[in-house]
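As structure tokens, the structure follows; a few thoughts come after it.
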Amino acid sequence: MLELAGIIILGILAQWVAWKFKIPAILPLILIGLAVGPLSTLYPEGFRLEDGSQWIQPIWNSQKGFFPGESLFYFVSLAIGIILFEGGLTLKMTEIKKVGGVIGKLISLGSIVTFFGAGVAAHYFLGLDWQVSFLFSGLIIVTGPTVITPILRNIPLKKDVSTVLKWEGILIDPIGALVAVLVFEFISVDAGGEFTKTALIEFGKIVLFGFTFGFTFAHALNFIINKKWVPHYLLNVFALAAVLGVFVLSDAFAHESGLLSVVVMGMVLGNSNSPYLKELLYFKESLSVLLISILFILLAANINIEDLLLIYNWKTAILFAVVVFVIRPIGVFLSTRGSSLKLNEKVFISWVGPRGIVAAGIASLFGLKLAKNGVEGAEYITPLVFMIVLGTVLLNATTARFFAKIIGVFLIKSEGVLILGASKVSRLLGHYLEINGRHVVLIDSNESNIEKAKELGLEAISTNIYSDTLLDNIELSDVGYLMALTGNPDINKYAINKFSKQFGENGTFRLVTTKEMLDNSNTPKEGLFSHKDDFNRLSELTRKHPSIQEIDLEDKAHYEKLITISNNDEDIIPLFVKDNEGELHIISSNNLEFKNIEGGYQLVYLGKPFDVENVSIAETKGAKDE
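Quick note: the sequence shown, position 515, residue 925 per this note's numbering, numbers continuous.
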């Protein structure tokens, strides 16, 4: 009982540490596992157990222990099955079509380069059998969003670079897992012997039953959910039971086909139109966090000193260097050939390629299975993959920010704009900012508003402002301005308080409230556009005059005159000042305090055109002289 509770507590603590210090969770999890596992036997007297055993020893023997006999093997199998199912849920075929040629090549051509390059390197440097070598290379194809996101979260990058890295991690996760599963199953059908006709038939059965069961039961589960045959409170646990059932059933028909079934099941279900998909995904993500927290401490603890000594040599170091500094760059440069990415951007993408949770998890499972079947070299699988995972995560977590600055992909100033709310007002402003060269992202929980924004070609995200998903979105790393434009003042204020540090380094603004409009002495410093324009005024004016105007400015006095007119005209609301270089400066509610107005600047405003006779200072002076 004490061991189980300790593992759960340590796992959740590791997840918290990862969140606090913005590092991939797999790093503290594996380090904790090694600390309470094989390394605990090396502690000085007084800290190690009297009998010299590990603090936590997942497998002792067939009679006793935390996971006696094959029970650890069963737990790992089911846990990895659930994690792979959750990964499959995130793979959208429509998104693969949208992400562009570079990402498509990275997850195809880049994966092929890694698969064959790392396989050949493992064979010749470590002397591993070809089968084991290619299983190793199949496992390290996977990067994964869980390791990429924490590393890049606080590195302001050009949107193209962060997008490539994000989508590579998301899409290659289930695809790499699928490759690894297929390679493993090809090995396992005839472990230790030649690939005979019988072995090929067995492999065909695995693929057939894996795809058939995954596809069929995904549609069956989707049908049951959509027909509401399961009450809402049982929905998530019913889906969990279905996944476990498919895993076991598929294995019963074709041994080792369960993992393939759940990956396919997740992919099919993830590309369906089920209204409960988001809720199901959220549950699976939460469950995956708990399973991962337990799983990787156990897996790392299950490695013994002898396994670590296997890779404690210069050959392993050379293999690591070849995978990271040769094979990864070759894959990236071949995949990005002919793209718009610059040389320094390609180099940075080559540098950032941490291996993740799926690689480590499946490696441990496959290592256990192949060792049990007596496959020569199987004992190398788990420690080698753990070495690649830990090495790449440590390398990228400690050097990515510095390396980005060195090669010139680090954004010194974040010019992107995050707009909270995707109403017509926000869409109009977003479209204007976009055509003037700003990266604009609109967020809203209203699906209709999001769809209308996307129709305009704007980047729009459907999300709940109270969730933390925005903070994990590395594509927003170039955002330096936050504009809260919803009709709910409480939400606007909440967004300012929660996201100002992350997205508002250059400016954080919100619409004034109706109460603030009525009190001239209460002008908030973060107020937007003018002291007399709240969401209702903006919406009404957008309905009447859905266009953004520009007027040339002569000097600060001219600007102040225009602002005074706009403050007294219900059909004009000032928005931005455009300088001589085309850069837009957001006008706050203290709009008369704007400084450094020069000739050639422009006032950007919403509403009807200004009456030229009333606004030109030069013409006014000329009239007085006459």
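Backbone N, C-alpha and C fix where the C-beta goes; we use that ideal spot for every residue, glycine too.
Keep in mind the model is a prediction, meaning the values are calculated, not measured.
- Closest in alpha carbon position to Lys-1018, among Ser-957, Asn-902 and Glu-695, is Ser-957.
- For Lys-615, DSSP records no beta bridge to any residue.
- In this structure, Val-889 keeps its C-beta atom at 8 Å or more from the C-beta atom of Phe-919.
- Within the region 908-973, complete alpha helix (DSSP H) segments of at least 4 residues are found at 924-927 and 945-954, given in chain order.
- Comparing alpha-carbon positions, the option among Leu-679, Ile-436, Ile-422 and Lys-903 lying closest to Gly-771 turns out to be Ile-436.
- Within the DSSP bridge table, the entry for Ser-872 names Asp-854 as partners.
- Ile-490 and Ser-660 have their C-alpha atoms spaced approximately 15 Å apart.
- Between the region 865-882 and the region 899-915, the count of Cβ pairs shorter than 8 Å is three or higher; the stretches touch.
- Residue environment for Tyr-1015: buried (at least 16 other C-beta atoms within 10 angstroms of its C-beta).
- Following the DSSP letters along the chain, one finds Gln-1012 inside the beta strand (DSSP E) bounded by residues 1012-1017.
- With contact defined as three or more Cβ pairs closer than 8 Å, the region 635-652 and the region 702-711 are not in contact.
- In its own chain, leaving out the 5 sequence neighbours on each side, no residue places its CB closer than 6 Å to the CB of Ile-975.
- Shown here for Ile-582: same chain residues with a beta carbon closer than 7 Å to its own, the five before and five after excluded, namely Ile-517, Ser-521, Ile-551, Val-552 and Thr-553 in chain order.
- With respect to the 8 Å criterion, Val-851 and Glu-869 are classified as neighbours on the basis of their beta carbons.
- Residue burial annotation: Leu-449 is buried, with at least 16 other C-beta atoms found within 10 angstroms of its C-beta.
- With respect to the 8 Å criterion, Lys-615 and Ala-664 are classified as neighbours on the basis of their beta carbons.
- Counting along the chain, the unbroken beta strand (DSSP E) around His-995 starts and ends at 994-996.
- Residues of the same chain with a CB within less than 6 Å of the CB of Asn-990, apart from the 5 flanking positions on each side, are Gly-1010 in chain order.
- Within its own chain, the residues whose Cβ lies closer than 6 Å to the Cβ of Val-446, once the five positions on either side in sequence are excluded, are Trp-465, Ile-466 and Ala-711, listed in chain order.
- In the displayed model, Ala-435 falls within coil according to three-state DSSP, outside both helix and strand.
- Excluding the 5 residues flanking it on each side, Leu-780 has same chain C-beta neighbours closer than 6 Å at Ala-788, in chain order.
- The C-alpha of Lys-569 lies about 44 Å from the C-alpha of Trp-639.
- Pairwise C-beta distances place the region 792-810 in contact with the region 757-767, as three or more of them are shorter than 8 Å.
- Looking from the CA of Gly-529, the closest CA among Ser-487, Gly-511 and Ala-590 belongs to Ala-590.
- Counting along the chain, the unbroken beta strand (DSSP E) around Phe-986 starts and ends at 982-988.
- With 16 or more other Cβ atoms from the protein chains shown falling within 10 Å of its own Cβ, Thr-556 counts as buried.
- Residue pairing for Met-893: DSSP places it in a beta bridge opposite Ile-829 and Phe-919.
- Secondary structure of Phe-1020 (DSSP, three-state): coil.
- In the structure shown, Leu-482 falls within a helical segment according to DSSP collapsed to helix, strand and coil.
- Taking the Cα positions, Glu-716 is about 26 Å away from Val-593.
- If you look at Val-795, you'll find it in the alpha helix (DSSP H) that goes 791-817.
- Assignment of Phe-457 by DSSP, reduced to helix, strand and coil, places it in the coil class.
- For the set Val-736, Ser-836 and Ile-721, the Cα lying nearest the Cα of Arg-953 is the one of Ser-836.
- For Tyr-722, no alpha helix (DSSP H) run applies, since DSSP gives it neither H nor E.
- Distance from the CA of Trp-429 to the CA of Ile-417, rounded to the nearest whole angstrom, comes to 18 Å.
- For His-629, the closest of Thr-808, Val-678 and Gly-620 by C-alpha to C-alpha distance is Val-678.
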